[in-house]
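Colleague: Just so we're aligned, residue 74 is where the sequence shown starts under our numbering, counting upward by one.
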Amino acid sequence: AVYPGNILAPQPGQQLIPGQAVPKYSYYANGALQPEVQMVQQGGPQVVVQPAQQPAVVVQPAQQPAVVVQPAQQPAVVVQPAQQPAVVVQPAQQPAVVVQPAQQPAVVVQPAQQPAVVVRQASQPAVVVRQASQPAVVVRQASQPAVVFRQAPQPAVRVIQASQT
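1. Using 8 angstroms as the cut-off, classify the Cβ of Val191 as near or not near the heavy atoms of the ligand GDP, replying yes or no.
2. Please return the same chain residues whose Cβ sits closer than 6 angstroms to the Cβ of Val202, not counting the five positions on each side in sequence.
3. Measure the C-alpha to C-alpha separation of Arg213 and Gln207 and round it to an integer number of angstroms.
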């Protein structure tokens with residue numbers, strides 16, 4: 074790839090051929106022009122660099138964790154039942170209503186001196202059933218019938234011409 078001011082070769086040992094003097098470039102911690110490469114030769118218009126031998130950053134797991142989470146020895150809030158109830162309901166010292174038997178009864182039931190209803194034998198019956206002198210309905214034989222059937226002198230339908238099929 075061609076960049077302004079230099080040409081990068083695709084070889085593993087990169088050779089920088091700057092178009093200007095070397096001090097124009099900024100240097101990194103290991104004295105190279107780019108991160109993760111080290112300078113092999115410098116002088117004149119040519120600088121030879123190759124990949125760095127050691128990585129710049131090494132990540133290792135920590136020996137001990139920075140934060141240790143353990144359960145609490147005692148709970149922060151302890152809920153216990155109350156020693157005494159807040160409201161105590163006790164029976165009243167004296168009842169609000171006292172029911173006592175009355176000194177004298179309000180209603181006195183005594184036997185009647187005379188009966189309220191007297192049943193006596195009637196001298197005459199209230200209903201008399203007699204035989205009717207004439208029947209309420211009379212059935213008689215009719216002198217003439219109610220419906221008379223007569224033969225018609227001529228037929229109601231006359232066939233004028235009959236055809237044989």
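Each residue gets a CB set at the ideal place from its N, CA and C atoms; glycine is no exception.
Modeller: A quick look at the data gives this:
1. This structure does not include the ligand GDP; it has no bound ligands of any sort.
2. Excluding positions up to five away in sequence, the list is empty.
3. Approximately 14 angstroms, taken between the alpha carbons.
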